[in-house]
Amino acid sequence: MPATELADLADLGLDEGGHLLVARALARLAPGGRLAVAGRHPALRLHLAAWCREHGHRVLDDDSGEAGAGAAGPAAALVVVKGGAGDRRWLGAVRAGDAAGTPAARADQSWGLAARGALVEAGGPPIGAQWSQREHVWADVAPRLYAAAAAGQWDPATAVDWTAPLGAVPEEIERAVVQIMTYLVENEQAALIIPARLLSQLHPHYREVMQLLATQAADEARHVEVFTRRALLSGGPLGTSSAGGRASLQTLLAEPDFTTASFLLSVLGEGTFLDLLRFIHDHAPDRVTADVTRLAVRDEARHVAFGVAHTAHLATSDKSYLGTLRQSVERRHATLLDTAGLNAEVFDSLVILAAGSWSPEAIRRGWQRVRDLQDRMDEGRRRRLAYIGFPDDEAAELSALHTRNFM
Ligand SMILES: [Fe+2]
Ligand SMILES: [Fe+2]
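Converting from the sequence shown to our numbering requires adding 65 to each position, the first position being numbered 1.
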């Protein structure tokens, strides 16, 4: 039987890419079809025999009486008979969902790290992801939020004018700012670890959520940096870290479920932080404090938007999930019942910041402004809880159970 295809390698060796020409020509043949391979490379015969053995094809022997190119090639060509192994390799292969469309409702563990939409050869290692169902991680807004996050990354070195003078800030107000920054840093560290942990257990099929969580962790890394830098700007030591504040954050780290972790951190905690950061911004005694809080608010708004959208997405498809969310708030409240909640020095620092001076009248004003802040925080939490699906009275009840530590 004559060869019907020809691969002419000229002087190209199989050890320098020649196999691509052979494989390309073989792809046009059915198993059993014959390919003439012509070439002048001295090791062509040796290399071709080895490559064919590895890929399940056969090179005809010189003495088989069949060698030679027949109609398709020159008399000196080698002849390869195509085997069936290459095609069998893709038997049982599946598409890992649709690359451009909505992700699958359930991502198979066996898809592993394959790109969404790739043809997945059977037999690879399973991913072992804890969260592999769309409803448990998804929000339709995730792709848009990721795009906004990617476009909104800012450089701490240039986005803040670190040389802006602190000059007129009285020393005791500066101590209050340093205490607040010290508190912010520990909260930001928790807020970094949680999306990073969720990310590590998420099936990568839900790539937009994976990408969004990665940008969220990067945002928090910048917040840790800029709040630390602001705290150090006046050269003094950092403020205090309370056991109660850290206990509150520790409960977030221990939250095992994707949605309840996202709910407690982003809806209730970061939602409350939006008001806190705006408050610090509005009462900032210096340009740097105003800048770092303004930049952080921009990022936090995205974190809150995803938490709210995802939680609402799940609660809409499964009404009973509101009960699970409720329990997560109650459980956390019970765990923290015997702790002090907010560091008293942080509360006092907020009052001093908003007072701006030490006259009794200023302190009364500062105190009232912090009470107003707490009211705004409560209103915000109730609004978000209502959006997720809680009736107003239950939203008010759950908001009141939220940690006194704000985050
Ligand atoms: Fe943050
Ligand atoms: Fe955040």
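From the three backbone atoms N, C-alpha and C, an ideal C-beta is built for every residue, glycine too.
Put simply, the residues with a CB less than 5 Å from any heavy atom of ligand 2 are A256, E335, E365, H368, in chain order. The DSSP assignment places no complete beta strand (DSSP E) segment of no fewer than 3 residues inside the region 292-318. DSSP lists L100 as the beta-bridge partner residues of E70. Between ligand 1 and E251, a heavy atom-to-CB distance of less than 6 Å is absent. The residue from Y271, L257, S299, F455 with its alpha-carbon nearest to that of D284 is L257. Annotation: the continuous beta strand (DSSP E) that includes V145 extends over 143-146. For I258, the enclosing alpha helix (DSSP H) has its first and last residue at 236-265.
Inter-residue distance for I245 and A158 is about 56 Å (C-alpha atoms, whole angstroms). Under the 10 Å beta carbon count, W176 is surrounded by 16 or more other beta carbons and is classified as buried. Under the three-state reduction of DSSP output, Q198 falls in the strand class.
Assignment of V353 by DSSP, reduced to helix, strand and coil, places it in the helix class. In its chain, beyond the 5 residues on either side, Y386, L387, L390, I453, G454 have a beta carbon closer than 8 Å to the beta carbon of A380. L85 has its alpha-carbon roughly 48 Å from the corresponding atom of H368. Around R287, the same chain offers P221 as residues with beta carbons nearer than 6 Å, after the five sequence neighbours per side are excluded. Here G304 is buried, its C-beta having at least 16 other C-beta atoms within 10 Å.
According to DSSP, L438 shares a beta bridge with no other residue. Of all alpha-carbon atoms in D347, H112, L466, the one lying nearest the alpha-carbon of L402 is that of L466. With respect to the C-alpha of A370, the residue from P168, H112, P208, D126 having the closest C-alpha is P208.
Annotation for E459: the continuous alpha helix (DSSP H) segment containing it runs 457-466.
At least one heavy atom of ligand 1 sits closer than 6 Å to the Cβ of E285.
Scanning R199, A405, Q281 for the CA closest to the CA of Q254 turns up Q281. For the 7 Å CB-CB criterion, G310 and N470 form a contact. Nearest Cα to T324 within the set R199, W116, V435, T468: R199. Listed in chain order, the non-local C-beta contacts of R93 below 7 Å within the same chain comprise E70, local neighbours out to five positions each way being set aside.
Runs of alpha helix (DSSP H) with 4 or more residues, each lying fully within the region 161-236, are found at 207-216, 221-224, listed in chain order. Checking the DSSP bridge columns, you'll see V159 partnered with V185. The C-alpha of H112 lies about 20 Å from the C-alpha of G149. In this structure, A161 and A183 form a Cβ contact; the two beta carbons are roughly 5 Å apart against a cut-off of 8 Å.
Burial check for E410: the Cβ neighbour count within 10 Å reaches 16 or more, so the residue is buried. In the DSSP assignment, A409 falls within the unbroken alpha helix (DSSP H) covering 409-420.
The DSSP-derived three-state label of R154 is coil. Separation of D437 and P168 (C-alpha to C-alpha, rounded to the nearest whole angstrom) is 43 Å. Between the alpha carbons of S313 and T468 lies a gap of roughly 7 Å. According to the DSSP secondary-structure assignment, V124 is paired through a beta bridge with V145.
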